[in-house]
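Undergrad:
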Amino acid sequence: MGRVAIAVLLSSIRASAAARAHAQAEMTQECSAEVAMPPGGESLPEWFAAKRAAAGIVPATSTGEMVDSATCTKKDVCLLMRQLDMDFYERAREGMLTDSDYNTPPTMGWHAAGNCNTMSRGYRVVPVEDAKECKREARKKGAKGDIKEIKSDSLPTGCVIVETRSTGKVVAYMNLLESQAVAGSQYEGKSRTPKRIMQLCVMDRSLSESAAAYYSPYKLKPSMEGREGHSTSCSFGMMGFLSRMGKTDSPCAKIITTKTDSRFHSAAHALQIAAQLEARGGAKFAAGAAKIRKYVEAVRQKFVLLDTIANHWCPDIWVAAKATEGATCDAPRVMSWTAEGAKLEKKEEEASVRKVESSSSPLLDGLDELLAELGMEDALAQDLMESGDSNEGRSDSSGKPIKIALNDASCDAFEDETLAQRLEGAPETPPDFFQEAFVSED
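Residue numbers (mature numbering (1 follows the signal peptide of the UniProt record, and there is no 0)): -18 to -1, 1 to 424.
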């Protein structure tokens, strides 16, 4: 990021104490750390399992049995929405964001000098330590065969390729050792064979506490009010992802993971096959027909649920929570509970007891490094999925939208409803069955 860009970002972040106080006065209630992590240090799956148990939600089992539609509820979906928000924070802090979190995947490239720790391209980079990613990128450089795992202090950490210049042979390694070695040219053996070493680095996907909490796409930007159903928080695909990864025992999420069978191009076709089997008579054919009918009902559950989440439950949860006092909270760019918020608060306290003889704001003394870090993260966050939504609406003193988050009271702000109730009267073979409400199984 250039100096002009940094200057613009710094100027937009720098606000007087009066402006900050005014912005905070306009907020209803700033979010606490409960929107990011369990207060008792539990894992997210454990914490949300306890929440479901307290709400009387029967957990889904790990077996292949069909989920009882009466156990999938609106409250269960609300807890999934909260877990997606907190899961993003956890992954962002650990540097575990995936390409699906970005409109444009983080920059990756080979470095022929220094190492990932010493590189500076306007953003932090870290070694690539994923074997599949390493193999894919190494092949583009001419490496053949499998990646060789090593523990060497003479090669940089992570994905490394070594090219023998005299033969052009390229070998790829995954160095599991934390090493300070650098890329560049080396000469091996008595013959001093020249070899070129390159390290694969990728943009650091980890975010600070304030950025991880704020840039979660599962919080609601003010510009999305009235269009809540279009927000990322209503992503039933990501709810299913939590179930496939073993991060939730939610019955609704388990239903979302139901797979369709390519042998049936529609529900009507599947039921037709079932009827043909029944017509043949006999226990074997009757059992086969029963399996098909059960399969059709399972997939019917799934697609009715997808429509219900996207068009009813998810937007209704936001509307009800916002209309209930204390059932949502405001998320400015830097929340007071974060490490960055604590630093800003400390500077404010220092400024309040210090006499200032110059015209410059004492609040900014010593904050250049922090402001630069915030500015850099704002620039990098432009590639995150949440950046696609408009920034119009309420904003804090830095000009950033004040987002809305679900909190511990949100899932008690509405009357519960079950999927079984939604299924009553729903057509057995809707015309778009198996077609429109598709969720990737990757």
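The beta-carbon is built from N, C-alpha and C at its ideal position, and this holds for glycine as well.
Can you name, in chain order, every residue of its own chain whose Cβ lies under 6 Å from the Cβ of R376, other than the five neighbours on each side?
TA: Result list for R376: P204, I384, in chain order.
Undergrad: Hey, would you say Q283 sits closer than 8 Å to S14, going by beta carbons?
TA: Taking 8 Å as the Cβ cut-off, Q283 and S14 do not qualify as a contacting pair.
Undergrad: On a Cα-Cα basis, can you pick out the residue from L137, Y200, R315 that is closest to residue 431?
TA: Nothing about residue 431 can be read from this structure; the chain reaches only from -18 to 424.
Undergrad: Start and end of the beta strand (DSSP E) containing K385?
TA: Note, K385: beta strand (DSSP E), 385 to 388.
Undergrad: From A120 to I179, what distance separates their C-alpha atoms?
TA: Near 12 Å, if we compare the C-alpha coordinates of I179 and A120.
Undergrad: When you compare only the Cα positions, how much space is there between D378 and L366?
TA: Answer to the nearest angstrom: the Cα atoms are 20 Å apart.
Undergrad: Tell me whether A272 sits in a helix, a strand or coil according to DSSP, three-state version.
TA: It is helical.
Undergrad: Going by DSSP, what residues sit across from H93 in a beta bridge?
TA: DSSP output for H93 lists Q181 as bridge partner(s).
Undergrad: How many angstroms separate the CA atom of Q65 from the CA atom of T45?
TA: The alpha-carbon atoms of Q65 and T45 are separated by roughly 23 Å.
Undergrad: Ignore the nearest five residues each way along the sequence and tell me which others in G124's own chain have a CB closer than 6 Å to its CB.
TA: The answer, listed in chain order, is V152.
Undergrad: Would you check if the region 100 to 118 and the region 391 to 398 touch, i.e. whether three or more CB-CB distances between them fall below 8 Å?
TA: Taking 8 Å as the limit for Cβ pairs, the verdict is that the region 100 to 118 does not touch the region 391 to 398.
Undergrad: Is it the case that the Cβ atoms of residue 445 and A321 are separated by a distance below 8 Å?
TA: Given that the chain is displayed from residue -18 to residue 424, the structure contains no residue 445 and the question cannot be resolved.
Undergrad: Name, in chain order, the residues that DSSP records as bridge partners for P409.
TA: Answer is none; P409 lacks a bridge partner.
Undergrad: Please report the residue range of the beta strand (DSSP E) in which G22 lies.
TA: Here G22 belongs to no beta strand (DSSP E), and DSSP marks it neither H nor E.
Undergrad: In whole angstroms, what is the alpha-carbon distance linking V142 and S372?
TA: Their backbone Cα atoms lie some 41 Å apart in a straight line.
Undergrad: Between which two residues does the alpha helix (DSSP H) holding I299 run?
TA: 296 to 305 is the span of the alpha helix (DSSP H), which, as asked, contains I299.
Undergrad: For P409, count neighbouring Cβ atoms within 10 angstroms of its own Cβ and tell me buried if that reaches 16, exposed if not.
TA: Per the 10 Å Cβ criterion, exposed.
Undergrad: So what's K229 in DSSP terms, helix, strand or just coil?
TA: If DSSP states are grouped into helix, strand and coil, K229 belongs with coil.
Undergrad: Tell me the DSSP secondary structure of Y105 in three-state form.
TA: Three-state DSSP puts Y105 in coil, outside helix and strand.
Undergrad: Which class does Y71 belong to by DSSP, given the choice of helix, strand or coil?
TA: It is helical.
Undergrad: First and last residue of the alpha helix (DSSP H) that includes Q11?
TA: Per DSSP, Q11 belongs to no alpha helix (DSSP H) and is neither H nor E.
Undergrad: According to DSSP, T175 sits in a beta bridge with which residue or residues?
TA: Beta-bridge pairing links T175 to E170.
Undergrad: Taking 6 Å as the limit between beta carbons, can you name the residues of its chain near L259, skipping five residues before and five after?
TA: Result list for L259: F267, G270, A271, in chain order.
Undergrad: Can you tell me which of P176, Q162, D135 puts its alpha carbon nearest to the alpha carbon of V144?
TA: Comparing Cα-Cα distances from V144 to each of P176, Q162, D135, the minimum goes to P176.
Undergrad: Determine, using beta-carbon pairs with one atom in the region 26 to 42 and one in the region 212 to 230, whether at least three such pairs fall under 8 Å.
TA: In short, these stretches touch, since the Cβ pair count reaches three.
Undergrad: Determine the direct distance from the alpha carbon of G308 to that of residue 440, and round the result to whole angstroms.
TA: This structure gives no information on residue 440, because the portion of the chain shown stretches from -18 to 424.
Undergrad: Could you pull out every residue in the same chain whose Cβ sits closer than 8 Å to the Cβ of A292, ignoring the five residues on either side in sequence?
TA: Excluding residues within five positions, the ones whose Cβ falls inside 8 Å are G211, C216, F218.
Undergrad: Which residue comes first and which comes last in the beta strand (DSSP E) that contains I132?
TA: Start and end: 130 to 132.
Undergrad: Can you give the beta carbon distance from K229 to P27, rounded, assuming they're within the 8 Å contact cut?
TA: Their Cβ separation, rounded to whole angstroms, is 5 Å, which keeps K229 and P27 in contact under 8 Å.
Undergrad: When the Cα of A94 is compared with those of G166, G140, E332, which residue comes out closest?
TA: The shortest C-alpha separation from A94 is found at G166.
Undergrad: Here's the rule: buried if 16 or more other CB atoms are within 10 angstroms of the residue's CB, otherwise exposed. What is D58?
TA: It counts as buried.
Undergrad: In whole angstroms, what separates the C-alpha of Q6 from that of K133?
TA: For Q6, the predicted model reports a pLDDT of 44, less than 50, meaning its position is unreliable and no value from the coordinates is stated.
Undergrad: Output the boundary residues of the alpha helix (DSSP H) element that contains I255.
TA: Where I255 is concerned, the enclosing alpha helix (DSSP H) stretches over 249 to 262.
Undergrad: In whole angstroms, what separates the C-alpha of T290 from that of Q162?
TA: Cα-Cα distance, rounded: 53 Å.
Undergrad: Which same chain residues, not among the five before or five after S213, have their C-beta less than 7 Å away from its C-beta?
TA: Counting only Cβ-Cβ distances below 7 Å, and skipping sequence neighbours, we find L202, M206.
Undergrad: Does the Cβ of E331 have 16 or more other Cβ atoms within 10 Å, making it buried, or fewer, making it exposed?
TA: Looking at its Cβ environment, which holds fewer than 16 other Cβ atoms inside 10 Å, E331 is exposed.
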